[in-house]
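Which chain is which? The protein sequence lines are A and B, in order. For the first sequence, the positions run 22 to 498 when my numbering is used. For the second sequence, the positions run 22 to 498 when my numbering is used. Shown next, in structure tokens, is the structure this report addresses.
Protein chains: 2
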Amino acid sequence: MTSWVKRSLKKAPVGGIGVPDWHIGGTDPSAAGAQGSSEAAGAACCAAKATLDGAASAKPATSPAVIIQRRPNMVPPCFLMGSSPHHHNAAGARQVPAVVASTERGSGVALTPTVRGEQMANTAPATIMRGEIAASIEVVQGLIADRARLEAIGVQLAERRPKVIVVAGRGTSDHAAIYGRYLLEHAVGVPVALAAASLVTQYGIETASPESVLIAFSQSGAGPDMIALVESARRRGALTIALTNEAASPLATAADATVYLAAGEERAVAATKTYIAELVCVALIAAAAARALGRDAAWANDLQQLPERMRGALAAADAWIAAARGSSQFAGMLAADRALVVGRGFEFPNALEFALKLRETTGAFGDGYSAADLLHGPIASAGAGVPAILLATDTATMESMEIARQRLAVAGSPTLTLRTSGGASDAASIRLPDGPAGPLSAPATAIAGLALIEAIATGRGRNPDAPAGLTKVTKTL
Amino acid sequence: MTSWVKRSLKKAPVGGIGVPDWHIGGTDPSAAGAQGSSEAAGAACCAAKATLDGAASAKPATSPAVIIQRRPNMVPPCFLMGSSPHHHNAAGARQVPAVVASTERGSGVALTPTVRGEQMANTAPATIMRGEIAASIEVVQGLIADRARLEAIGVQLAERRPKVIVVAGRGTSDHAAIYGRYLLEHAVGVPVALAAASLVTQYGIETASPESVLIAFSQSGAGPDMIALVESARRRGALTIALTNEAASPLATAADATVYLAAGEERAVAATKTYIAELVCVALIAAAAARALGRDAAWANDLQQLPERMRGALAAADAWIAAARGSSQFAGMLAADRALVVGRGFEFPNALEFALKLRETTGAFGDGYSAADLLHGPIASAGAGVPAILLATDTATMESMEIARQRLAVAGSPTLTLRTSGGASDAASIRLPDGPAGPLSAPATAIAGLALIEAIATGRGRNPDAPAGLTKVTKTL
Chain A
22 MTSWVKRSLK
32 KAPVGGIGVP
42 DWHIGGTDPS
52 AAGAQGSSEA
62 AGAACCAAKA
72 TLDGAASAKP
82 ATSPAVIIQR
92 RPNMVPPCFL
102 MGSSPHHHNA
112 AGARQVPAVV
122 ASTERGSGVA
132 LTPTVRGEQM
142 ANTAPATIMR
152 GEIAASIEVV
162 QGLIADRARL
172 EAIGVQLAER
182 RPKVIVVAGR
192 GTSDHAAIYG
202 RYLLEHAVGV
212 PVALAAASLV
222 TQYGIETASP
232 ESVLIAFSQS
242 GAGPDMIALV
252 ESARRRGALT
262 IALTNEAASP
272 LATAADATVY
282 LAAGEERAVA
292 ATKTYIAELV
302 CVALIAAAAA
312 RALGRDAAWA
322 NDLQQLPERM
332 RGALAAADAW
342 IAAARGSSQF
352 AGMLAADRAL
362 VVGRGFEFPN
372 ALEFALKLRE
382 TTGAFGDGYS
392 AADLLHGPIA
402 SAGAGVPAIL
412 LATDTATMES
422 MEIARQRLAV
432 AGSPTLTLRT
442 SGGASDAASI
452 RLPDGPAGPL
462 SAPATAIAGL
472 ALIEAIATGR
482 GRNPDAPAGL
492 TKVTKTL
Chain B
22 MTSWVKRSLK
32 KAPVGGIGVP
42 DWHIGGTDPS
52 AAGAQGSSEA
62 AGAACCAAKA
72 TLDGAASAKP
82 ATSPAVIIQR
92 RPNMVPPCFL
102 MGSSPHHHNA
112 AGARQVPAVV
122 ASTERGSGVA
132 LTPTVRGEQM
142 ANTAPATIMR
152 GEIAASIEVV
162 QGLIADRARL
172 EAIGVQLAER
182 RPKVIVVAGR
192 GTSDHAAIYG
202 RYLLEHAVGV
212 PVALAAASLV
222 TQYGIETASP
232 ESVLIAFSQS
242 GAGPDMIALV
252 ESARRRGALT
262 IALTNEAASP
272 LATAADATVY
282 LAAGEERAVA
292 ATKTYIAELV
302 CVALIAAAAA
312 RALGRDAAWA
322 NDLQQLPERM
332 RGALAAADAW
342 IAAARGSSQF
352 AGMLAADRAL
362 VVGRGFEFPN
372 ALEFALKLRE
382 TTGAFGDGYS
392 AADLLHGPIA
402 SAGAGVPAIL
412 LATDTATMES
422 MEIARQRLAV
432 AGSPTLTLRT
442 SGGASDAASI
452 RLPDGPAGPL
462 SAPATAIAGL
472 ALIEAIATGR
482 GRNPDAPAGL
492 TKVTKTL
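Printed below as a string of structure tokens:
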């Protein structure tokens with residue numbers, strides 16, 4: 022058990038998400054820049070940026086070596102053949118993952134093979150995934166500038182006066198669809214269902230009607246199941262909308278209306294900028310629909326600030342990562358083969374997506390739960406070797422998230438909380454920039470969480486651009 | 022890599038779920054009874070029973086010792102203080118878990134602690150969980166005998182002519198609700214949505230209407246979130262139905278109509294008989310609603326055979342477990358800290374539920390996926406140390422399941438398939454009794470899968486009746 026875990030157990034009844042009282046206990050001197058929880062909340066964003074620069078300049082020439090024990094049944098890491106994983110942060114400072122290279126195999130049955138950390142030469146470019154995470158800020162700027170075309174689709178949806186909206190997606194797009202499931206029910210005021218695609222594709226059971234709207238999410242627009250759902254719904258008179266990054270794709274052709282993500286080509290297998298683009302497109306559509314129906318859309322008032330908020334969130338994540346590298350805390354996250362991600366409400370889709378990204382890029386089992394569902398069984402699998410990432414950006418769900426955090430701490434899981442209240446980042450939390458709670462927190466949380474997971478992947482010696490057994494476009498029925 | 026895994030890789034393109042070609046390679050002499058894949062499909066149920074009896078009588082006096090490697094970060098097993106886990110199968114023969122007791126800790130850093138298998142004295146009763154799994158057959162018999170009261174609620178639902186049905190539950194009841202999500206959409210012909218409870222309880226967003234029906238699932242009837250959903254929906258004019266095992270619970274009081282599960286007191290924390298009762302109650306309601314609406318209910322024609330089918334499924338699982346104990350295959354399942362469960366359509370809820378039960382009772386991370394969703398990312402976390410349980414009982418989804426099985430085999434995951442076609446059980450599959458494919462497969466698959474998981478839990482030295490950090494009734498908002 023690490024000292025961090027011991028402290029979590031001891032402090033559990035006292036420490037809260039809003040007012041964290043844990044501090045970095047690692048050995049990296051750059052960690053000092055992120056210490057202290059007494060800064061005023063309003064200054065935290067600037068503080069995080071200062072930490073980022075400070076961490077980069079104070080970084081020692083060589084990162085401390087960290088020994089990660091490999092489990093006997095662990096899939097061998099995909100070592101980066103001929104390239105060295107590192108990347109540039111927003112300030113241009115290089116960040117070198119502490120743990121990467123060679124494998125030593127024990128010869129005895131009971132010996133556990135280990136991966137010993139070594140600093141890699143700084144010769145190769147950043148990962149594609151990391152570049153696309155950062156690029157999502159410009160993508161969102163573009164969507165906001167071009168919002169009229171998205172709002173028109175929101176108005177079209179509202180004019181249909183649907184009795185029910187059905188959303189559908191697979192993988193990452195499924196999680197964006199679940200964000201739509203929450204936000205559209207809020208905006209339009211009717212139940213929203215996540216499609217059970219197999220009813221159509223496997224059993225031939227069709228339930229769409231002129232009183233329903235189907236929104237199908239697919240980055241590629243090539244998923245046969247999504248196309249089948251749209252064709253079924255359109256044939257039965259529903260309004261069908263495709264959200265896709267391929268404007269001329271079969272899905273776009275099949276649907277009545279297309280929401281083009283305009284995210285540019287996504288080269289990494291692990292979708293990041295298209296995920297964030299899907300979230301923001303849904304928000305723009307939902308806000309327009311809410312206004313057309315005379316329903317609450319105040320949550321969308323600060324949309325213009327979203328790119329800046331995302332920039333601050335990415336900087337806060339980078340600063341935390343730079344400070345944490347070499348610490349025992351971060352080593353614990355890198356060593357874990359099992360992790361939990363917990364959100365609630367509008368942050369629940371991010372919890373699912375971060376968990377999926379952990380699976381796709383780090384080889385670890387990541388599992389996303391709502392703070393309520395976690396307590397109905399899955400909490401039994403928490404423990405010292407099972408770190409948990411908590412997404413606590415929403416005042417409405419803060420109590421629920423805090424109950425979950427305390428239960429995780431009691432179970433022994435080290436927790437890392439992404440939060441928008443309280444003081445500066447510390448060992449157990451990343452302070453994201455201020456901004457309105459609710460639906461528009463999600464894209465800012467997304468960019469920070471995805472950057473964190475990319476750092477975990479490279480820190481585990483994985484190439485997140487080449488996930489085991491995955492291809493960019495997956496076709497299922 | 023075990024020889025089983027090697028064979029899986031080699032045979033992947035050839036072996037199918039329908040016609041398995043893997044055979045037990047373990048050392049337990051009782052395994053012989055389950056070998057051979059040439060039996061006619063129709064005789065497989067009887068063959069499984071014969072195997073059960075044969076396995077029990079041929080069982081050696083002491084089970085072979087099996088060494089299970091514990092991961093350094095594994096939560097210490099809850100050793101059964103003062104009791105010895107074993108249970109009686111349907112034929113009354115004792116089954117002794119091969120792997121239970123003492124822990125030896127290595128002193129060096131690189132040494133992995135091991136749990137060495139020892140036969141336990143046969144002095145204590147079966148686990149409560151196991152008893153309640155078996156008791157579910159009688160519960161289902163009772164529900165079928167008393168079907169008129171359930172069918173009346175199905176007719177009431179149909180008469181409402183809803184535009185949308187919303188189902189809600191937490192934990193195990195969530196998975197029964199998802200079964201309802203599939204089956205009610207089939208039966209009633211309108212979209213069915215899984216409730217996002219936080220919209221009501223955290224954000225105060227209400228969307229129920231007189232054109233909607235809400236069905237809330239709660240074994241205890243005490244969940245504050247389920248009660249809040251019912252109160253909100255009823256206030257807004259929706260028809261509200263409670264499925265609960267407590268007829269006088271607050272949830273039952275709050276709802277317009279109550280579906281009483283009549284499962285008797287459930288003492289184990291891990292819900293099993295109430296889960297199966299929920300599935301069967303939903304099936305009875307859905308069938309009645311379908312008939313009232315003039316829709317297809319042929320799938321419910323063979324309902325009377327369900328208890329016998331469940332009995333056969335439990336016997337098949339017991340026979341497989343008895344044959345597999347002491348084999349390297351079963352040892353691999355016991356050793357795994359991460360497992361996948363894959364289903365599709367009407368078996369998808371079982372995949373989610375088996376995964377939850379793995380978490381609750383074995384300490385392993387179990388994750389349930391649809392065969393399609395698995396390929397959209399999570400397949401990246403498959404591998405040699407990650408066994409997968411596949412639920413392939415449905416002709417409609419067989420191709421989808423077979424694609425998933427092949428992908429898992431290529432990734433190196435050992436697979437165990439629960440199937441209703443092909444020859445007798447073998448090392449890689451359990452042949453469940455014949456019966457109509459579709460909705461009514463689920464309760465039979467459920468009893469077999471839950472028995473398997475109980476055996477994994479006791480085999481890992483866990484007491485499934487006392488899951489870490491869980492209580493019988495969990496209250497969340």
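Idealized CB from N, CA, C, for every residue including glycine.
| request: Kindly list, in the order they appear in chain B, the residues whose Cβ is closer than 7 Å to that of residue 203 of chain A. | output: 217, 220
| task | Round the Cβ separation of residue 221 of chain A and residue 327 of chain A to the nearest angstrom and send it over; I've been treating them as touching at under 8 Å. | result | Their Cβ separation, rounded to whole angstroms, is 35 Å, which puts residue 221 of chain A and residue 327 of chain A out of contact at 8 Å.
| Under a Cβ-count criterion, where at least 16 other Cβ atoms within 10 Å of its own Cβ denotes burial, should residue 225 of chain A be classed as buried or exposed? | exposed
| task | Assess, as a yes-or-no matter, whether the region 310-323 of chain A is touched by the region 189-202 of chain A under the definition of 3 or more beta carbon pairs within less than 8 Å. | result | no
| task | Could you have a look at residue 9 of chain B and say whether DSSP puts it in helix, strand or coil? | result | The question about residue 9 of chain B has no answer here: the residues shown for chain B are numbered 22 through 498.
| request: Alpha carbon to alpha carbon, how far is residue 459 of chain A from residue 374 of chain A? Give it in angstroms, no decimals. | output: 18 Å
| How about residue 250 of chain B and residue 237 of chain B: do their beta carbons lie closer than 8 Å? | yes
| said: Would residue 262 of chain A pass as an interface residue toward chain B - the criterion being a Cβ-Cβ separation below 8 Å? | reply: no
| With 16 other CB atoms within 10 Å as the buried threshold, where does residue 493 of chain A fall? | exposed
| field | Residues bridged to residue 281 of chain A (per DSSP) | value | A:265
| request: Could you confirm whether any beta carbon from chain A is found closer than 8 Å to the beta carbon of residue 265 of chain B? | output: no
| request: Quick one: grab the DSSP three-state call for residue 347 of chain A. | output: coil
| Can you tell me whether DSSP reads residue 234 of chain A as helix, strand or coil? | strand
| Hey, residue 499 of chain A and residue 467 of chain A are a contact pair by Cβ (cut 8 Å); roughly how many whole angstroms apart? | This structure cannot speak to residue 499 of chain A, because chain A is shown only from 22 to 498.
| query | Of all the residues that make up the region 397-427 of chain B, which are near chain A by a beta-carbon distance shorter than 9 Å? | reply | 397, 398, 399, 400, 401, 402, 403, 404, 405, 406, 407, 415, 417, 418, 420, 421, 424
| query | Along chain A, in chain order, which residues have C-beta atoms closer than 8 Å to that of residue 351 of chain B? | reply | Here the premise fails: no neighbours, minimum Cβ distance about 15 Å.
| query | Near residue 154 of chain A, what residues of its chain come up, given a Cβ to Cβ distance below 8 Å and the 5 sequence neighbours on each side ignored? | reply | 293, 294, 335, 468, 471, 472, 475
| field | Contact residues within the region 221-250 of chain B, judged by C-beta distance below 7 Å to chain A | value | 223, 224, 226, 228, 232, 233, 246
| Simplified DSSP assignment, three categories, for residue 195 of chain A | helix
| said: Is there a C-beta anywhere in chain B that falls below 8 Å from the one on residue 440 of chain A? | reply: no
| task | Give me the Cα-Cα distance between residue 480 of chain B and residue 437 of chain A, rounded to the nearest whole angstrom. | result | 33 Å
| task | Check the Cβ of residue 294 of chain B against every Cβ in chain A and list those closer than 9 Å, keeping chain order. | result | Simply none; closest approach about 16 Å.
| message | Please report the distance separating the alpha-carbon of residue 488 of chain A from that of residue 382 of chain A. | response | 5 Å
| Are there 16 or more other CB atoms within 10 angstroms of the CB of residue 180 of chain B, so buried, or fewer, so exposed? | exposed
| Same chain only: Cβ atoms within 6 Å of residue 255 of chain B, ignoring 5 sequence neighbours per side | 261
| At which residues does the alpha helix (DSSP H) containing residue 248 of chain B begin and terminate? | 245-256
| Residues of its chain near residue 426 of chain B, where Cβ-Cβ distance is below 7 Å and the 5 sequence neighbours each way are ignored | 38, 411, 436, 438
| query | So what's residue 226 of chain B in DSSP terms, helix, strand or just coil? | reply | coil
| request: Using a Cβ-Cβ cut-off of less than 7 Å, list which residues of the region 177-191 of chain B approach chain A; keep chain order. | output: 184, 185, 187, 191
| request: Just mark residue 166 of chain B as buried or exposed, buried being the case when its beta carbon has 16 or more other beta carbons within 10 Å. | output: exposed
| query | By how many angstroms is the C-alpha of residue 363 of chain A removed from the C-alpha of residue 403 of chain B? | reply | 22 Å
| If residue 151 of chain B and residue 398 of chain A are in contact, beta carbons under 8 Å, what's the gap, nearest whole angstrom? | 18 Å between Cβ atoms; not a contact.
| request: Give the straight-line distance between the Cα atoms of residue 208 of chain A and residue 218 of chain A, rounded to the nearest whole angstrom. | output: 24 Å
| task | Verify the CB distance criterion: does residue 200 of chain B have a CB-CB separation below 8 Å to chain A? | result | no
| Near residue 361 of chain A, which residues of its chain fall below 6 Å by C-beta distance, leaving aside the five closest residues on each side in sequence? | 388, 409
| message | Report the start-end ranges of each beta strand (DSSP E) in the region 150-211 of chain A that is 3 residues or longer and not cut off at the edges. | response | 185-189
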